[in-house]
Each structure stands twice: as C-alpha cells, then as structure tokens.
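Structure record follows, encoded as structure tokens.
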Amino acid sequence: MGQSRLKFLGFAGVALMLLAACGTSGGGGTPAKIYKIGLVTDIGGLNDKSFNHLAYVGLEKAKQDFGIKDHVVESKTGDDYVPNLQGFAQKNYDLVIGVGFLMQEAIGTVSGTFPNVHFAIIDGAGTDANGNDLKHTNVESLFFKEQDAGAMVGAMAGWMEKNGKSKMNHHVISAVGGISIPPVNHYSAG
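Numbering (numbering that gives the first Met the number 0), first residue to last: 0 to 189.
As structure tokens, then:
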C-alpha cells in the first residue's frame with residue numbers, strides 16, 4: 000500500500016472516531032444533530048492527487064455515512080491559513096480540519112482564540128511561532144508513521160536490486176523527497 004493510501008485510511012479512521020465521539024440522539028423522535036465540518040487545504044489544493052485530495056475523499060465519505068454538513072476551503076498561500084481556519088470557527092463549525100504540517104502555527108493561533116471549537120491537524124500539532132506544541136485541549140493531532148512506509152519502500156527497492164528486478168543496473172538506491180519538513184524527512188529516513 001502506498002503512503003498516500005495509508006494516510007487516507009488513517010485519516011478516515013480518525014475522522015470516523017471523532018464523529019462517533021460527538022454522539023447522536025438517543026431516539027424518542029428528536030432528530031440527531033447535523034455536525035458541520037470544515038476542511039482547509041494547504042497550498043497544494045484539492046487537485047494535488049495526494050494528501051489534500053484524500054482528505055477531501057474522507058470528508059465526502061463521512062458526509063455519505065453520517066449526514067454531516069461539510070465545506071472545503073482551498074488555501075492559495077500560507078497567508079490564507081489563519082483566515083480560512085477562522086472563517087469556520089467564527090461560523091461555529093463543530094470540527095475544523097487543517098491539512099498538513101505547514102498549518103501548525105495557524106492551528107495554534109486560531110484554536111487558542113476559539114477554545115470551544117474542535118480542531119484537528121493532519122501531520123502536525125497546534126504550535127506557536129517557535130514550533131512549540133501548545134497542547135490545546137481542543138486540537139487533535141493526527142500523526143502518521145511515515146518512516147514505516149518509507150522502510151517498506153526501501154526494503155522493496157533493495158529486494159528488486161538484489162534479485163535483478165531493477166530496470167537500472169547501477170546498484171544505486173536513493174530517495175527523493177519534497178520540501179524538507181518532518182513528515183517528508185521521516186519517510187526518507189525510513
């Protein structure tokens with residue numbers, strides 16, 4: 000399974016647990032509350048064919064399975080993170096999800112201003128400007144073990160090279176990551 004698929008499954012599982020934790024009505028004719036969940040993408044946008052897209056797919060699955068009301072806002076630059084997160088918080092969304100490590104400081108800022116709104120961040124925590132985890136009780140940090148997926152890919156590459164299955168017979172194995180951030184570095188280290 001690819002790293003993106005593993006992240007999607009992990010995110011979907013956590014999203015379903017968060018929804019279950021919110022509770023439902025106990026019958027008696029009272030309609031169950033419809034939860035509002037807002038998703039803020041990082042600058043990769045929904046068409047990144049990876050992280051943001053899979054978070055959106057998970058949100059749509061929750062919409063089908065649980066009848067939530069959802070809305071997605073795509074961030075064009077890092078300056079959009081705080082206002083995009085604040086927009087959902089100001090509208091009293093039940094859960095605001097930030098996609099990606101690059102939103103840590105924005106989640107830290109906004110969650111401190113809106114202590115009664117629940118936040119989640121994928122691959123990060125709510126931090127201050129120096130990267131210190133603020134440990135706000137209204138923020139759920141959704142971390143993955145990127146190094147595990149990287150180790151599996153490394154083992155497969157080593158097996159392919161050892162058994163002559165590699166298309167390149169240079170006896171070199173390497174990894175190329177994206178930007179140098181902890182999740183990418185963890186994957187490469189694995």
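Cβ coordinates follow ideal geometry from the N, Cα and C atoms, glycine included.
Note that the coordinates shown come from a computational prediction; the quantities given were computed from them, not determined experimentally.
Simplified DSSP state of residue i, which is helix, strand or coil
i      : result
Leu84  : helix
Ile214 : Outside the shown range of the chain (0 to 189) lies residue 214, about which nothing can therefore be said.
Ile42  : coil
Ser187 : helix
Gly99  : coil
Glu59  : helix
Gly77  : helix
Ser24  : In this prediction, Ser24 has a pLDDT of 48, which is less than 50 and means its spatial position is unreliable; nothing more can be read from the coordinates.
The ligand SAM heavy atom lying under 7 Å from the CB of residue i
i     : result
Ile36 : The ligand SAM is not part of the structure shown, which contains no ligands of any sort.
Burial state of residue i (16 or more Cβ within 10 Å)
i      : result
Ala88  : buried
Ser179 : exposed
Ala31  : exposed
His185 : buried
Ala174 : exposed
Asp122 : buried
Asn131 : exposed
Val116 : buried
Ile172 : exposed
Ala54  : buried
Asn83  : buried
Ala128 : exposed
Met0   : In this prediction, Met0 scores a pLDDT of 48, lower than 50, which makes its location untrustworthy; no coordinate-derived value is stated.
Ala154 : exposed
According to DSSP, residues forming a beta bridge with residue i
i     : result
Lys35 : Lys68
Leu94 : Ile36 and His117
Sequence-distant residues of its chain with Cβ nearer than 7 Å to residue i (five each side left out)
i      : result
Lys198 : The chain is shown from 0 up to 189; residue 198 falls before or after that span and cannot be answered.
Phe100 : Asp122, Gly123, Ile180, Pro181 and Pro182
Phe113 : Ala88
Ile120 : Gly97, Met102, Gln103, Ile106, Val138, Ser140 and Leu141
Gly44  : Asn51 and Glu73
Tyr92  : Lys35, Ile36, Gly37 and Val116
Lys161 : none
Thr108 : Val81
Own chain residues within Cβ distance below 6 Å of residue i, not counting five before or after
i      : result
Asp69  : Ile36, Leu58 and Lys62
Ala150 : Gly189
Thr40  : Asn51, Glu73, Ser74 and Val98
Same chain, Cβ closer than 8 Å to residue i, five either side skipped, listed in chain order
i      : result
Gly198 : Outside the displayed range of the chain (0 to 189) lies residue 198, so it cannot be described from this structure.
Ile33  : Gly66, Ile67 and Lys68
Asn46  : His52
Exercise. Can you list, in chain order, the stretches of the alpha helix (DSSP H) that have 4 or more residues and sit fully within the region 103-166?
Worked result: 103-112 and 145-161
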